[in-house]
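The numbering of the sequence shown is the numbering used here, which starts it at 15 and goes up by one. Virtual Cβ for every residue (Gly too), placed ideally from N, Cα, C. The model shown is predicted, which means the values in this text are computed figures rather than measured ones. Below is one structure, written out as structure tokens; the observations come after it.
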Amino acid sequence: MKKIIYNLSLCLAVAFILAGCNTIGKDDRFIETKKAEATNKKVLLVDFTGWKCINCPNAAETAAQIVAGNDERVIVVSMHPDIVSFTDPGKNGPDFRSAYASEYLTKIAGGSATTSLPTGMIDNVMFGGSFLQDFENWSSCVGQRLVLSSDYDIELTSDTAKCNVKINNLNAATDNVGLMLWLLEDSIVAPQSAKGGKSIPDYTHRHVFRKSLLVEEGLYKELGQIEGSMDYNAEFELPEMIGEHFIVVAAVVRLSGETCEVLQVEEKIIK
Numbered sequence: 015m016k017k018i019i020y021n022l023s024l025c026l027a028v029a030f031i032l033a034g035c036n037t038i039g040k041d042d043r044f045i046e047t048k049k050a051e052a053t054n055k056k057v058l059l060v061d062f063t064g065w066k067c068i069n070c071p072n073a074a075e076t077a078a079q080i081v082a083g084n085d086e087r088v089i090v091v092s093m094h095p096d097i098v099s100f101t102d103p104g105k106n107g108p109d110f111r112s113a114y115a116s117e118y119l120t121k122i123a124g125g126s127a128t129t130s131l132p133t134g135m136i137d138n139v140m141f142g143g144s145f146l147q148d149f150e151n152w153s154s155c156v157g158q159r160l161v162l163s164s165d166y167d168i169e170l171t172s173d174t175a176k177c178n179v180k181i182n183n184l185n186a187a188t189d190n191v192g193l194m195l196w197l198l199e200d201s202i203v204a205p206q207s208a209k210g211g212k213s214i215p216d217y218t219h220r221h222v223f224r225k226s227l228l229v230e231e232g233l234y235k236e237l238g239q240i241e242g243s244m245d246y247n248a249e250f251e252l253p254e255m256i257g258e259h260f261i262v263v264a265a266v267v268r269l270s271g272e273t274c275e276v277l278q279v280e281e282k283i284i285k
């Protein structure tokens, strides 16, 4: 009996230690990506990640495979919520944390300060009753969104100081929509924790969220119904570049109650 109680206590202790960082199944398997039928829909994958998360490199690799397997129709944004302990870099490198990412995690994804990383959200919609998905499910969720057609098209232009977002309503849709507009930085070489207690000193961090480019405060700009087309202009200052290039991402979302489903998304690389 003592042996049984001891083994149970040991299992509970191990489970507690691992709870803060999601793990993948046996042999670190990735789900094979299947190319979706061509539609005009692009999909937004928000990857909540952190430099202390030992399984986050596997999640990032999964996201890269999904992008490559779907003709660049998947746009990935890596967010580091400042309320989650796994995102604090300490003295180990650049600080990617943001209050915006925390607000996005809590208000849109339904997460909290105790949310395990890595985790992701696809087009801000639920799959299996949850907004947040383990990365081994990302490919399947993305595939379900890529076969849809969108009523909207985004024309995105940008230089290093200003951008223009033109949203076209293709089918006279009557949605109440909003706009999300973000600045990312790509290919930042900085440390990253990995499995086995190791640290990768020269890990490449991809599509890292840096800030919102909306003139107004908040997660999104409410636009109402769009008749024909609508333009949104923003001016901004780039932070000091530590990566390879910046990326502007614009997403049109349907505003309904407390949800904001991504109806279309587009990106523009700034050299």
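Span of the alpha helix (DSSP H) around I80: 70-82
Are the beta-carbon atoms belonging to A264 and V179 less than 8 Å from one another? yes
I'd like to check one pair, L195 with E117: are the Cβ atoms closer than 8 Å? no
Rounded C-alpha distance that separates V156 from T174: 31 Å
Using the Cβ count rule (16 or more neighbours within 10 Å means buried), how would you classify T133? buried
How far does the beta strand (DSSP E) with W196 in it extend, from its first residue to its last? 191-200
What's the gap between the Cα of I181 and the Cα of N247? 11 Å
Just list the beta strand (DSSP E) runs in the segment 241-268, keeping only unbroken ones of 3 residues or longer that don't cross its boundaries, in chain order. 243-249
Would you call the segment 69-80 and the segment 102-112 in contact, with 3 or more CB pairs under 8 Å? no
Determine the direct distance from the alpha carbon of K66 to that of L131, and round the result to whole angstroms. 9 Å
Have a look at L277 and V57 and give me their C-alpha separation to the nearest angstrom. 8 Å
Does the segment 196-206 come close enough to the segment 258-273 to have 3 or more Cβ pairs within less than 8 Å? yes
Measure the Cβ-Cβ separation of V2 and T120 and say whether it is below 8 Å. Residue 2 cannot be examined here, being either before or after the span of the chain that is shown, 15 to 285.
Under the three-state reduction of DSSP, which class applies to K40: helix, strand or coil? With a pLDDT of only 42 at K40, under 50, the local geometry of the prediction cannot be trusted, and the value read off the model is given with reservation. Residue state, collapsed to three classes: helix.
Terminal residues of the continuous alpha helix (DSSP H) containing K114? In the sequence on display, residue 114 carries Tyr and not Lys. Unbroken alpha helix (DSSP H) run through Y114: 113-117.
Just tell me which of F250, S270, R159 has its CA closest to the CA of I89. R159
By Cβ distance below 6 Å, which residues in the same chain neighbour L170 in space, the five residues on each side in sequence not counted? V179, A264, E280, K282
7 Å CB neighbourhood of V267 in its chain, flanking five on each side removed: N138, V191, G192, M194, Y234, C274, E275, V276, L277
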